[in-house]
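Written below as structure tokens is the structure these notes are about.
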Amino acid sequence: MKKLLLATAAMALMANAAISEVKVGMITTLSGGGAGLGIDVRDGFMLAIEQSGRNDIEVVIEDDQRKPDIAVQLADKMIQSEKVDVLTGIIWSNLAMAVVPATVAQGKFYLSPNAGPSALAGKGCHGNYFNVAWQNDNLHEGAGAYANTAGYKNSFILAPNYPAGKDALTGYKRFFEGELAGEIYTKLGQTDYAAEIAQIRASGADSVFFFLPGGMGISFLKQYADSGVDLPVVGPAFSFDQGILQAVGDAALGVVNTSQWNKDIDNATNAAFVESFQAKYGRLPSLYASQGFDTANLLISAVAKADVSDADAFRAALEAAEFDSTRGDFKFGSNHHPVQTIYAREVIKEGDVYTNKIIGTALENHADAYAGECKM
Amino acid sequence: MIGERYLNLLVLAALMAVPLWALAADEPFTITLATRAVILALAAVGLNIALGMGGLVSLGHAVFFGLGGYAMGILASHAQSYTPLELFGLTIEGTKSMPVIWLTAIIISALAAWGIGLLSLRTSGVYFIMITLAFGQMFYYFAISWSAYGGEDGLSIYVRNGFPGLNTLVPIEYFGLCFAVLCLALLLNARLQGSPFGLALNAARQVPARVETVGLDPMRLKLLAFVLSGAITGLAGALFADLNRFVSPTMFSWQLSGELIVLIVIGGVGRLMGPVIGACLFVTLEHWLGGITEFWHVFLGAILLLIVLFARGGIVGLLTGKEGPHV
Amino acid sequence: MSSLLIAEQVLNGLQSGIMLFLMAAGLTLIFGVMGLINLAHGSLYMIGAFAAAAVAGATGSFLLALVAALIAAACAGAIVEMVVIRRLYHAPHLDQVLATFALILIFSEGTRWVFGSFPLFLDIPEALSGPVTLPGGIQYPLYRLALIGAGLAVAAGLWFLTARTRIGIQIRAGENDREMIAALGVDISKLYTLVFALGAGLAGLAGALVGAIQSVQVGMGEPVLILAFVVIVIGGIGSIKGAFIGALLVGLTDTLGGIFLPELFKLFMAPDAATQTGSALASMAIYILMSLVLIWRPSGLFGVRL
Numbered sequence: 000m001k002k003l004l005l006a007t008a009a010m011a012l013m014a015n016a017a018i019s020e021v022k023v024g025m026i027t028t029l030s031g032g033g034a035g036l037g038i039d040v041r042d043g044f045m046l047a048i049e050q051s052g053r054n055d056i057e058v059v060i061e062d063d064q065r066k067p068d069i070a071v072q073l074a075d076k077m078i079q080s081e082k083v084d085v086l087t088g089i090i091w092s093n094l095a096m097a098v099v100p101a102t103v104a105q106g107k108f109y110l111s112p113n114a115g116p117s118a119l120a121g122k123g124c125h126g127n128y129f130n131v132a133w134q135n136d137n138l139h140e141g142a143g144a145y146a147n148t149a150g151y152k153n154s155f156i157l158a159p160n161y162p163a164g165k166d167a168l169t170g171y172k173r174f175f176e177g178e179l180a181g182e183i184y185t186k187l188g189q190t191d192y193a194a195e196i197a198q199i200r201a202s203g204a205d206s207v208f209f210f211l212p213g214g215m216g217i218s219f220l221k222q223y224a225d226s227g228v229d230l231p232v233v234g235p236a237f238s239f240d241q242g243i244l245q246a247v248g249d250a251a252l253g254v255v256n257t258s259q260w261n262k263d264i265d266n267a268t269n270a271a272f273v274e275s276f277q278a279k280y281g282r283l284p285s286l287y288a289s290q291g292f293d294t295a296n297l298l299i300s301a302v303a304k305a306d307v308s309d310a311d312a313f314r315a316a317l318e319a320a321e322f323d324s325t326r327g328d329f330k331f332g333s334n335h336h337p338v339q340t341i342y343a344r345e346v347i348k349e350g351d352v353y354t355n356k357i358i359g360t361a362l363e364n365h366a367d368a369y370a371g372e373c374k375m
Numbered sequence: 000m001i002g003e004r005y006l007n008l009l010v011l012a013a014l015m016a017v018p019l020w021a022l023a024a025d026e027p028f029t030i031t032l033a034t035r036a037v038i039l040a041l042a043a044v045g046l047n048i049a050l051g052m053g054g055l056v057s058l059g060h061a062v063f064f065g066l067g068g069y070a071m072g073i074l075a076s077h078a079q080s081y082t083p084l085e086l087f088g089l090t091i092e093g094t095k096s097m098p099v100i101w102l103t104a105i106i107i108s109a110l111a112a113w114g115i116g117l118l119s120l121r122t123s124g125v126y127f128i129m130i131t132l133a134f135g136q137m138f139y140y141f142a143i144s145w146s147a148y149g150g151e152d153g154l155s156i157y158v159r160n161g162f163p164g165l166n167t168l169v170p171i172e173y174f175g176l177c178f179a180v181l182c183l184a185l186l187l188n189a190r191l192q193g194s195p196f197g198l199a200l201n202a203a204r205q206v207p208a209r210v211e212t213v214g215l216d217p218m219r220l221k222l223l224a225f226v227l228s229g230a231i232t233g234l235a236g237a238l239f240a241d242l243n244r245f246v247s248p249t250m251f252s253w254q255l256s257g258e259l260i261v262l263i264v265i266g267g268v269g270r271l272m273g274p275v276i277g278a279c280l281f282v283t284l285e286h287w288l289g290g291i292t293e294f295w296h297v298f299l300g301a302i303l304l305l306i307v308l309f310a311r312g313g314i315v316g317l318l319t320g321k322e323g324p325h326v
Numbered sequence: 000m001s002s003l004l005i006a007e008q009v010l011n012g013l014q015s016g017i018m019l020f021l022m023a024a025g026l027t028l029i030f031g032v033m034g035l036i037n038l039a040h041g042s043l044y045m046i047g048a049f050a051a052a053a054v055a056g057a058t059g060s061f062l063l064a065l066v067a068a069l070i071a072a073a074c075a076g077a078i079v080e081m082v083v084i085r086r087l088y089h090a091p092h093l094d095q096v097l098a099t100f101a102l103i104l105i106f107s108e109g110t111r112w113v114f115g116s117f118p119l120f121l122d123i124p125e126a127l128s129g130p131v132t133l134p135g136g137i138q139y140p141l142y143r144l145a146l147i148g149a150g151l152a153v154a155a156g157l158w159f160l161t162a163r164t165r166i167g168i169q170i171r172a173g174e175n176d177r178e179m180i181a182a183l184g185v186d187i188s189k190l191y192t193l194v195f196a197l198g199a200g201l202a203g204l205a206g207a208l209v210g211a212i213q214s215v216q217v218g219m220g221e222p223v224l225i226l227a228f229v230v231i232v233i234g235g236i237g238s239i240k241g242a243f244i245g246a247l248l249v250g251l252t253d254t255l256g257g258i259f260l261p262e263l264f265k266l267f268m269a270p271d272a273a274t275q276t277g278s279a280l281a282s283m284a285i286y287i288l289m290s291l292v293l294i295w296r297p298s299g300l301f302g303v304r305l
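Protein chains in written order, with numbering that gives the first Met the number 0: chain A, 0 to 375; chain B, 0 to 326; chain C, 0 to 305.
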């Protein structure tokens with residue numbers, strides 16, 4: 000639970016920033032198995048704050064250890080003791096479900112840099128909750144749409160047996176128009192996929208969709224590449240982000256995955272972001288880092304326009320989302336989730352580094368399926 | 000060196016003083032931390048009956064903690080959505096009342112402990128450790144895939160449940176409530192240690208054959224201890240869920256079972272106040288070390304190791320200069 | 000579902016069982032000889048995988064990586080034995096569980112400190128990549144066949160070591176009566192260090208072999224550790240033969256359960272619900288197996304009656 004009080008660069012206060020200080024609490028995963036994602040979000044976020052040169056935004060960072068009860072406790076601490084105005088940082092949906100409802104009910108703002116559970120996009124939406132990344136189903140829906148354009152007729156789909164896994168398969172099926180050759184729920188944390196791969200081989204499918212985040216995806220891809228099954232694979236970006244690809248290696252080459260961001264999206268903000276991130280941290284940014292960066296810039300844009308103590312004005316400033324996103328134009332839907340383009344990317348090798356290249360658009364200006372249920 | 004009786008009183012007084020100070024100094028989060036310590040202590044007090052008195056090293060007590068938590072989560076979520084719970088043809092109304100939830104948590108965990116104990120007590124030693132672990136894993140995986148109650152996402156309760164005459168949303172009042180429950184459990188535990196049942200259980204741990212020769216069944220004694228132990232840990236689970244206003248399958252995880260054992264061993268196995276001291280120290284370390292370094296687990300591990308290797312009998316043993324009972 | 004597919008899945012189950020045996024062998028050896036519950040065994044597995052990934056990254060040789068994994072884990076094991084474990088042989092199981100739990104914390108976060116938070120790359124060697132065609136037309140990855148070979152070799156080697164060599168006689172004697180063989184002039188503490196290092200080395204080797212087709216990351220040891228415990232408890236703690244049979248049973252149950260339980264439920268449930276219920280039950284299957292075995296035989300299949 001590292002405390003990092005940021006004393007931003009001593010640039011003069013901008014003319015329009017003569018507003019009281021804003022205190023931001025970041026609860027994210029910095030230790031244990033999933034730490035890579037939290038570190039990326041944190042680094043992206045802090046890079047944006049630093050570049051803005053504002054010294055009226057104070058960020059307090061704490062590690063949730065990926066445990067929901069710790070996250071709740073930290074949220075209590077940030078609200079009760081640190082008296083923060085805005086919370087952000089949570090990576091995992093189950094932690095978000097534990098923290099967000101209580102946070103917004105207490106009148107604080109929550110900006111999600113990663114998790115977007117369906118409950119918070121639909122019936123459980125709230126005026127003070129903004130998701131800057133995606134609704135959980137988005138990238139899976141993109142994968143389903145891509146499968147149609149690629150002409151796949153018969154998919155084999157698999158995901159771990161937990162809520163996000165079920166959402167993933169539902170999201171894919173929502174857009175995929177072909178048949179299903181098979182549907183498997185694997186064990187959460189499973190590391191050996193020989194049995195599933197044998198099922199895929201025997202199923203007569205023409206394509207495979209999988210959602211296996213983190214280490215599960217690494218294991219699956221390595222074993223799939225070695226199995227001799229050569230059906231095309233699609234998946235969401237979570238198994239193909241910059242932190243993971245180097246561990247998968249050649250096994251990931253050529254695989255198509257869907258993402259709302261990539262380092263070659265052509266706009267000035269993105270180019271500058273990729274370059275400055277690499278210069279500061281010595282590695283290529285991942286999509287999580289871009290989400291952290293965008294979240295911070297959204298916050299900065301709102302702070303510049305409105306006083307956080309005036310909740311209605313601040314909310315309107317956030318809704319306007321007038322900031323330069325790494326994704327180009329950024330727009331919120333009616334339920335405060337992004338309406339955005341989902342790209343299809345392919346894994347390539349640039350020199351010694353594995354990375355992604357955009358090969359097409361899967362869904363244009365896509366909003367999530369739950370916006371209609373949201374009554375704000 | 001200090002007498003154990005005085006040490007016990009000192010610890011309770013200190014545990015009460017910290018949140019009162021925090022109230023005066025307007026540090027509400029410290030009260031939340033103290034409440035967390037009290038609830039973890041309660042769970043460990045429960046485990047200590049099985050572990051310290053009965054010699055049953057259970058690496059599956061998270062089962063009861065989790066069941067208590069889900070008893071609260073399920074009842075409160077049905078109350079929250081005004082839909083009754085249909086169970087085997089019975090219609091049960093959800094509730095937001097703590098006493099009802101507590102009673103449910105106690106009954107369900109006691110029943111589970113009875114079932115698990117009946118099967119597990121056929122084994123002993125390492126096998127007992129491992130079979131309890133196996134039951135823990137079963138519940139864990141079940142909870143993850145049980146989509147009706149959120150699966151891995153868990154269940155959020157928006158408002159803390161109520162207790163007649165108290166405003167449980169005020170941190171200090173909720174602390175007081177948990178503290179009172181802990182004191183009751185400690186009192187029960189103290190009475191138990193001197194009672195015929197406690198003495199027989201102690202004997203059953205050390206020399207089961209002798210207990211048998213005087214006509215007592217060591218198995219039944221241990222089973223009773225296990226049920227009692229599970230019930231108290233279950234109650235702690237319900238309180239913990241209310242503290243966080245949230246339940247999730249992590250309450251069933253084997254790491255949590257491990258942490259409960261850690262609390263007891265830090266404090267002192269089989270000591271009345273061992274779990275309380277252990278829980279306070281653990282929460283303090285977690286908070287304080289975590290504030291210093293991202294890699295605080297390394298130091299937590301090192302401290303644990305030192306206690307196991309050089310402070311047999313835990314902190315209580317260290318302070319009173321007496322070794323605890325052998326398990 | 001064709002009978003060929005069923006045969007392939009049975010093969011997969013046996014193969015995953017043998018991977019488990021690699022891990023469980025060291026664990027059961029250490030318990031059998033020293034009566035020690037070593038929760039940190041999973042950390043040694045992780046050390047092996049990380050050492051292999053580091054060496055393979057630097058030299059490009061998989062063979063060197065395996066050697067490095069073996070040596071790194073064995074050295075870590077020997078150090079841990081001499082500094083910590085040695086003081087715990089006479090301690091109750093509870094202290095052992097706790098001390099080795101503490102070691103997990105130290106090793107896991109220590110590794111993250113050194114190697115960072117992102118998974119490492121470790122691939123199978125060129126010569127063993129790709130599938131081969133088995134009799135009957137099953138396409139099967141060559142590397143997995145090599146894993147089966149390695150597992151059988153370890154099983155044979157361990158049998159030879161314990162049944163046919165001088166050290167093996169000392170080990171078996173040590174299991175029965177450690178005071179007696181100490182009195183006969185065997186340096187028992189050196190023997191224990193050796194056995195612990197051997198068990199650790201086996202875990203490290205397993206980590207490297209399995210890490211090549213899985214993900215090399217912090218925390219990779221714990222899930223396997225629990226499975227390995229299930230294996231040795233089913234087999235009877237301390238018995239190499241038991242660990243072997245137990246590993247195959249667990250591998251088969253886990254693999255076949257995941258595939259066939261959802262199919263089974265589809266016979267009398269809606270497909271969607273059947274997939275979910277079946278998968279949920281499948282993830283609990285090995286623990287159910289373990290409790291059934293223990294209820295039937297309280298000290299495992301080949302354990303010594305207590």
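Glycine included, each C-beta is placed from N, C-alpha and C at the ideal position.
Three or more Cβ pairs closer than 8 Å define a contact, and the region 150-158 of chain B meets that threshold against the region 88-107 of chain A. The beta-bridge partner set that DSSP reports for Pro-140 of chain C consists of C:Pro-130. A Cβ of chain A is located within less than 8 Å of the beta carbon of Glu-108 of chain C. By the Cβ test, the region 167-181 of chain A is in contact with the region 132-142 of chain A, since at least three Cβ pairs between them sit closer than 8 Å. Contact note: Tyr-286 of chain C reaches chain B through Ala-133, Gln-136 and Met-137, using a C-beta cutoff of 7 Å and chain order. About 6 Å separates the Cβ atoms of Val-32 of chain C and Glu-174 of chain C, confirming a contact at the 8 Å cut-off.
Leu-234 of chain B and Gly-67 of chain B have their C-alpha atoms spaced approximately 6 Å apart. Contact of Asn-160 of chain A with chain C by beta-carbon distance below 8 Å involves Gln-275, Ser-278, Ala-279 and Ser-282. For Ile-225 of chain C against Leu-248 of chain C, the beta-carbon gap comes to about 16 Å, at or over 8 Å, which does not count as contact. In this structure, Asp-62 of chain A places its C-beta atom within 8 Å of the C-beta atom of Ser-30 of chain A. Here Leu-119 of chain C is not near Ala-72 of chain C, since their CB atoms are 8 Å or more apart. The Cβ-Cβ distance between Val-56 of chain B and His-92 of chain C falls below 8 Å. Separation of Ala-21 of chain B and Ala-64 of chain C (C-alpha to C-alpha, rounded to the nearest whole angstrom) is 55 Å. The beta-bridge partner set that DSSP reports for Asn-256 of chain A consists of A:Gly-234 and A:Arg-344. Proximity of Met-96 of chain A to chain B, defined by a Cβ-Cβ separation below 8 Å, is satisfied. The Cβ neighbour count for Tyr-139 of chain B, taken over all protein chains shown within 10 Å, is at least 16; the residue is labelled buried. The C-beta separation of Tyr-126 of chain B from Ser-238 of chain C comes to about 13 Å, leaving the pair out of contact by the 8 Å criterion. Contact annotation: in the region 274-308 of chain B, residues whose CB is within less than 7 Å of a CB in chain C are Phe-294, His-296, Val-297, Leu-299, Gly-300, Ala-301, Leu-303, Leu-304, Val-307 and Leu-308. With a threshold of 8 Å between beta carbons, Thr-29 of chain B makes no contact with chain C. The closest CA to that of Ile-115 of chain B, considering only B:Thr-103, B:Leu-102 and B:Met-129, is found on B:Met-129.
Judged by DSSP secondary structure, Glu-372 of chain A falls outside any alpha helix (DSSP H); it is assigned neither H nor E. Around the beta carbon of Gln-290 of chain A, a 10 Å sphere encloses 16 or more other beta carbons of the protein chains shown; the residue is thus reported as buried.
At least 8 Å separates the beta-carbon of Leu-86 of chain B from that of His-77 of chain B. Under the DSSP assignment, Ile-156 of chain A falls in the beta strand (DSSP E) whose first and last residues are 153-159. Not one beta carbon of chain B lies nearer than 8 Å to the beta carbon of Lys-304 of chain A.
Ranked by Cα distance from Leu-299 of chain B, the options C:Arg-85, C:Ala-68, C:Phe-20 and C:Leu-97 are led by C:Leu-97. Between Ala-53 of chain C and Tyr-142 of chain C, the alpha-carbon positions lie close to 20 Å from each other. For the set B:Gly-313, B:Thr-283, B:Val-315 and B:Gly-312, the Cα lying nearest the Cα of Val-17 of chain B is the one of B:Thr-283.
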